[in-house]
Amino acid sequence: MPADPRAVLTQPSPPPDATVAYGDHPDQLADLRRPAGDDPARPLVVVVHGGFWRAEYDRGHTGPMAAALAELGHPVAQLEYRRTGQADGGWPNTLTDVLAGVAALPALAAAALPGRVAPGPPILVGHSAGGHLALYTAAHAPATVGGVLALAPVADLVEAYRLDLDGGAVAALIGGGPAEFPDRYAAADPSALVPIRTRSVVVHGAQDQQVPIGISRSWVAAARAVGSPATLIELPECEHFGLISPASAAWPRVVAALRSLHDDLPAIDAASPSR
-13 MPADPRAVLT
-3 QPSPPPDATV
7 AYGDHPDQLA
17 DLRRPAGDDP
27 ARPLVVVVHG
37 GFWRAEYDRG
47 HTGPMAAALA
57 ELGHPVAQLE
67 YRRTGQADGG
77 WPNTLTDVLA
87 GVAALPALAA
97 AALPGRVAPG
107 PPILVGHSAG
117 GHLALYTAAH
127 APATVGGVLA
137 LAPVADLVEA
147 YRLDLDGGAV
157 AALIGGGPAE
167 FPDRYAAADP
177 SALVPIRTRS
187 VVVHGAQDQQ
197 VPIGISRSWV
207 AAARAVGSPA
217 TLIELPECEH
227 FGLISPASAA
237 WPRVVAALRS
247 LHDDLPAIDA
257 ASPSR
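For the sequence shown, the residue numbers in the working numbering are -13 to 261.
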């Protein structure tokens, strides 16, 4: 039988090299990983984990991908934030935590990993709900973000609410539905925040059962229509969790997409199936 793709959620990984706090709350912190090798310093990669913003999912399950990225020479921070199901999680703290963490982490990482973090804004790698948070951050604080790699992002909160993804996950984040809180959705929904001027690459598996690929297709089409530098890479045989598993067939495509954000984003359009 094929391996369970969800196994990556509990796969062990090497411990981080350091943990830093960007605020006073116990969840306002990040694990740092030193890049392997002696290559020139690169911009920080901030991994924003998914889990539909819920407390039962924390940054721990991004350990394998963070360790793999560090082995490829990237300084990595695994960002934690307050989540729904906690007394002070959800609106607005989940979102403002990520804004604060992304703004603070380059300096914190440079101090903790001397000589290994290049100056400048980080590249955000967000999976699922973390992809939503990465796009949200790029829209609201573009000067703090050097690029976004959104892996199966929840890029349309209204549609995700309509589809009832993960049994009310969006309502738990926002506090209710779009009819109850239109201002919150307008502020938090990437589909309401285009154009996003930060370079964004969206990678999504066509077999995804957690976040339908149609959400990414619609978001990228809308973003590009108003001038956002956004690209969609579709992986026909990939489901939701392979995007964060270094052992998956999708992983080389994820790595290539990340490297394109350092180098030449338009090259992806020419080399990869996209819309």
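We put the beta carbon where it would ideally sit given N, CA and C, even for glycine. These numbers come from a predicted model, not from an experiment.
> Helix, strand or coil for Ser186 per DSSP?
Replying inline: What you label residue 186 is simply residue 200 of the sequence shown in a count that begins at 1. Here Ser186 sits in strand by DSSP.
> In the DSSP assignment, what are the bridge partners of Asp17?
Replying inline: If you number the sequence shown from 1, residue 17 lands on position 31. Paired residues: Thr5 and Gln64.
>> Does Pro166 pass the burial test, meaning 16 or more other C-beta atoms within 10 Å, or should it be called exposed?
In response: Against the sequence shown, residue 166 aligns to sequence position 180. Strictly speaking, residue 166 in this sequence is Glu, with Pro absent from that position. Under this definition Glu166 is an exposed residue.
> Quick one: Cα of Pro232 to Cα of Leu18, how far?
Replying inline: Translated into the one-based positions of the sequence shown, residue 232 becomes position 246. Translated into the one-based positions of the sequence shown, residue 18 becomes position 32. Going by the C-alpha atoms only, they are around 18 Å apart.
> Between Ala124 and Ala98, what straight-line distance do the alpha-carbon atoms span, to the nearest angstrom?
Replying inline: Along the sequence shown, read from residue 1 onward, the residue named residue 124 stands at position 138. Along the sequence shown, read from residue 1 onward, the residue named residue 98 stands at position 112. Rounded to the nearest angstrom, the two C-alpha atoms are 25 Å apart.
> Roughly how many angstroms separate the alpha carbons of Thr130 and Val240, rounded to a whole number?
Replying inline: Sequence index remark: in the sequence shown, residue 130 carries index 144 (1-based). Sequence index remark: in the sequence shown, residue 240 carries index 254 (1-based). If I take the Cα positions, the gap works out to 22 Å.
>> Rounded to whole angstroms, what is the Cα-Cα separation between His35 and Asp24?
In response: Within the sequence shown, residue 35 is the residue found at index 49, counting from 1. Within the sequence shown, residue 24 is the residue found at index 38, counting from 1. Roughly 28 Å between the two C-alpha positions.
>> Buried or exposed, going by whether 16 or more other CB atoms sit within 10 Å of the CB of Thr80?
In response: Along the sequence shown, one-based indexing puts residue 80 at 94. Thr80 comes out buried.
>> Which of the three DSSP states is assigned to Gly200 in this structure?
In response: As a first step, residue 200 is located in the sequence shown; it is residue number 214 there, counting from the start. Gly200 falls in the helix class under three-state DSSP.
> In chain order, what residues of the same chain have a beta carbon less than 7 Å from the beta carbon of Asp255, not counting five sequence neighbours either side?
Replying inline: Translated into the one-based positions of the sequence shown, residue 255 becomes position 269. Because the pLDDT at Asp255 is just 35, under 50, the model does not fix this residue reliably, and the value given afterwards should be weighed accordingly. Thr217, listed in sequence order.
> Going by beta carbon distance, what residues of the same chain come within less than 8 Å of Gly161, once the five residues before and after it are set aside?
Replying inline: On the sequence shown, residue 161 is found 175 positions in, with the first residue counted as 1. The answer, listed in chain order, is Gly76, Trp77, Phe167 and Arg170.
> Leaving out the 5 sequence neighbours to the left and right, which residues in its chain are closer than 7 Å to Ala89 when beta-carbon positions are compared?
Replying inline: Mapped onto the sequence shown, residue 89 falls at position 103. Ala127 and Thr130, listed in sequence order.
> Which residue comes first and which comes last in the beta strand (DSSP E) that contains Gly112?
Replying inline: For the purposes of this step, residue 112 is taken as the residue at position 126 of the sequence shown. Looking at the DSSP string, the run of the beta strand (DSSP E) that includes Gly112 is Ile109 to His113.
> What number of angstroms, rounded off, separates the C-alpha of Leu135 from the C-alpha of Leu85?
Replying inline: Along the sequence shown, one-based indexing puts residue 135 at 149. Along the sequence shown, one-based indexing puts residue 85 at 99. Roughly 16 Å separates the two Cα atoms.
> Who are the Cβ neighbours of Gly133 in its own chain at under 6 Å, not counting the five residues just before and after it?
Replying inline: Position 147 of the sequence shown holds residue 133. Ile109, Arg185 and Leu247, listed in sequence order.
> Skipping 5 residues on each side, what residues in its chain have a beta carbon closer than 6 Å to that of Ala4?
Replying inline: Residue numbering aside, residue 4 sits at position 18 when the sequence shown is read from its first letter. Closer than 6 Å at Cβ, skipping near neighbours: Leu18 and Ala98.
>> Suppose contacts are defined by Cβ-Cβ distances below 8 Å. Is Val144 in contact with Ile201 by that definition?
In response: Taking the first residue of the sequence shown as 1, we reach residue 144 at position 158. Taking the first residue of the sequence shown as 1, we reach residue 201 at position 215. No. Outside cutoff.
> What is the residue span of the alpha helix (DSSP H) that Ile160 lies within?
Replying inline: In the sequence shown, the residue the question calls residue 160 occupies position 174. Its alpha helix (DSSP H) spans residues Ala155 to Ile160.
> What are the boundary residues of the alpha helix (DSSP H) that Val240 is part of?
Replying inline: In the sequence shown, residue 240 corresponds to position 254, counting from 1. Unbroken alpha helix (DSSP H) run through Val240: Trp237 to His248.
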